[in-house]
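Following: one structure in structure tokens, then a few remarks.
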Amino acid sequence: MSFIDEANVRLISGRGGDGAATFHREKHVPRGGPNGADGGRGGHITLLADRNKRTLYDFKLRAEYKADDGSKAVGNKAGKDAKDITIRVPVGTVVTDAQDGELIVDLAVEGMQYVICKGGRGGRGNLYFTNSVRQSPQFAQMGAPGDLLDAKLELKLLADVGLIGLPNAGKSTLLSVMSSAKPKIADYPFTTLSPQLGVVTVGDHTFVMADLPGLIEGASEGIGLGHEFLRHAERNKVLLHVVDAYPIDDSDPVKNFEMIEAELKQYSEEMWERPRIIALNKSDMGIPEAEEEILGRLEQYGYPIFVISAATNQGLDPLKWALWQTIEKAMESESSVPILVPTYKNEEDSLWDVEQSEEGFTITGKRIERLVAMTNLDNRDAVHYLYRKLKRIGVIEKLEDMGAVEGDTVWIGDFEFSYAGW
Ligand SMILES: Nc1nc2c(ncn2[C@@H]2O[C@H](COP(=O)(O)OP(=O)(O)O)[C@@H](O)[C@H]2O)c(=O)[nH]1
Ligand SMILES: [Mg+2]
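Numbering (our numbering), first residue to last: 31 to 452.
This is how it looks when you write it as structure tokens:
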């Protein structure tokens, strides 16, 4: 029973650069030693909780982020690491794996960071593989592939701006013309008192505005307002009071304003003390002198006033900016302790398993799959190195225990091998 903003985004970290398999060359030295350097690391993708982001609207415009690949080593010159990407998301964004629905991270605190896609490690150059036995390795490692993640972002929306004003002042109209998107509304029970939400875009910023019909009338008549409804009202950082400059019943706009303000104060003193902006609406209907007179009387309250028309869109841009600046200011006074959480689950990476089927054996495990992807399978020495690594990890023994015999097919990641033939 809440307003959920959601977006799907594809995240791709960079692959590592290949290592070099080169040898030292010098005059008069017929054959120098191995000197191939390592490739550079691919770019990471990190999510950062930023309270200046209020909605997931940005992800509706851009659904894919890809970090650059690391560069490959050239001879004894190491490849350069790629630039990392930091993506700012609203505080409170919950990230799940779109494929299996598993929770990845809940970016609940301002300043929280999470490395969601790690860039691939650079491949080792042949210098790295040199030891007393293997004095001139003829192979280098390829860079590790990056990660690809289809992530689902979800955010419980709470309104930054609440609209108040007499019925017929133009609140609904204003909300519809000011908002660039309607958030998806999940399971909200139909009631005439349900708040209407809209996402407002101004410059690079987005914020949430809610029409709160009946906030005041409902409360003073003792109508129970839903918990969800009140949560929106209570989180408003600024109230936008819409005043009809030309009421159809010829009532006095300033008296109408005062009436709503008085009722608001009675409803909640705390809410009444919130920052306020006045929008004098329906200026398209009018005579400038009449508006001057109303403005003169409204000014005594000390709130910023904007003359607008929801019907012709007059004056909406300055109003949007004023709302955003008020939200920003309200956020400055919110205390928050930045917590940095640079986590990445490496432990899970090293887990592996072997599964047997009619067709053969499948080895799964992130670290092993990465190891294979980094191996130049056309190079006998590189394959031999891989075999010894797998043996050290215990994979070969496990295959033997499971009854693998020569000629059996073994899959690791995208690669197919013939057992004992490699
Ligand atoms: N001429 C004019 N009419 C407006 C303007 N804004 C709203 N209205 C009209 O005023 C009436 C009430 O508007 P509505 O948005 O439903 O008011 P609410 O009760 O505050 O939500 C509707 O007939 C609107 O078309 C405006 O800027 N100019
Ligand atoms: Mg309305």
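The beta-carbon is built from N, C-alpha and C at its ideal position, and this holds for glycine as well.
Quick caveat, the model's predicted, so the values are computed rather than measured.
Taking 7 Å as the cut-off, is the beta-carbon of aspartate 8 closer than that to any non-hydrogen atom of ligand 2?
The structure shown does not extend to residue 8, since the chain spans only 31 to 452, so no value can be given for it.
Span of the beta strand (DSSP E) around valine 272
268 to 274
DSSP three-state assignment for aspartate 217, whether helix, strand or coil:
Below a pLDDT of 50, predicted positions are generally treated as unreliable, and aspartate 217, at 40, falls in that range; the measurement from the model is reported next regardless. The answer is coil: DSSP assigns aspartate 217 none of H, G, I, E or B.
Glycine 63: which of Gly437, Lys113, Phe53 and Gly69 sits nearest, CA to CA?
Phe53
Going by DSSP, what residues sit across from alanine 37 in a beta bridge?
Leu183
Limits of the alpha helix (DSSP H) - the one that glutamate 132 falls within
Here glutamate 132 belongs to no alpha helix (DSSP H), and DSSP marks it neither H nor E.
Where do the ends of the beta strand (DSSP E) carrying valine 145 lie?
143 to 147
For a test of your reading of the model: does the CB of lysine 201 fall under 7 Å from any non-hydrogen atom of ligand 2? Yes or no.
yes
Helix, strand or coil: which one does DSSP assign to tryptophan 382?
coil
When you compare only the Cα positions, how much space is there between glutamate 463 and threonine 392?
The shown model of the chain, from 31 to 452, leaves out residue 463, and the question about it has no answer.
Using 8 Å as the cut-off, can you tell me whether the region 92 to 100 makes contact with the region 35 to 42, which would need three or more C-beta pairs spanning the two stretches below that distance?
yes
Isoleucine 175 and alanine 403: beta carbons closer than 8 Å?
The sequence given here has proline at residue 175, not isoleucine. Cβ distance < 8 Å, so proline 175 and alanine 403 count as in contact.
I'd like the span of the beta strand (DSSP E) that includes threonine 394, first residue to last.
390 to 394
Alpha-carbon spacing of leucine 193 relative to alanine 199, whole angstroms
10 Å
Quick one: using the 10 Å Cβ neighbour count with 16 as the cut-off for buried, is serine 167 buried or exposed?
The residue you asked about is not serine; residue 167 is proline in the sequence shown. Its Cβ being crowded by 16 or more others within 10 Å, proline 167 is buried.
Residue burial classification, methionine 172 (beta-carbon count within 10 angstroms, cutoff 16):
buried
Which same chain residues end up closer than 6 Å to serine 380 when comparing Cβ atoms and leaving out the 5 residues on each side of it in sequence?
Arg397
Exposed or buried, what is isoleucine 278 when buried is set at 16 or more other beta-carbons lying within 10 Å of its beta-carbon?
exposed
According to DSSP, is glycine 176 helix, strand or coil?
coil
State the Cα-Cα distance for the pair alanine 81 and methionine 361, rounded to the nearest angstrom.
With the sequence shown as reference, residue 81 is identified as arginine, and alanine is not the correct amino acid for it. Roughly 8 Å between the two C-alpha positions.
Hey, which unbroken runs of the alpha helix (DSSP H) at 4 residues or more fall wholly within the region 265 to 326?
283 to 297 and 299 to 302
Per DSSP, cross-strand counterpart(s) of serine 448:
Thr439
Would you call the region 335 to 342 and the region 288 to 302 touching, i.e. three or more CB-CB distances under 8 Å?
no
Evaluate glycine 326 with the Cβ neighbour count: other Cβ atoms within 10 Å of its Cβ, from every protein chain shown; 16 or more gives buried, anything less gives exposed.
exposed
Taking all protein chains shown into account, do 16 or more other C-beta atoms lie within 10 angstroms of the C-beta of glycine 49, making it buried, or fewer, making it exposed?
buried
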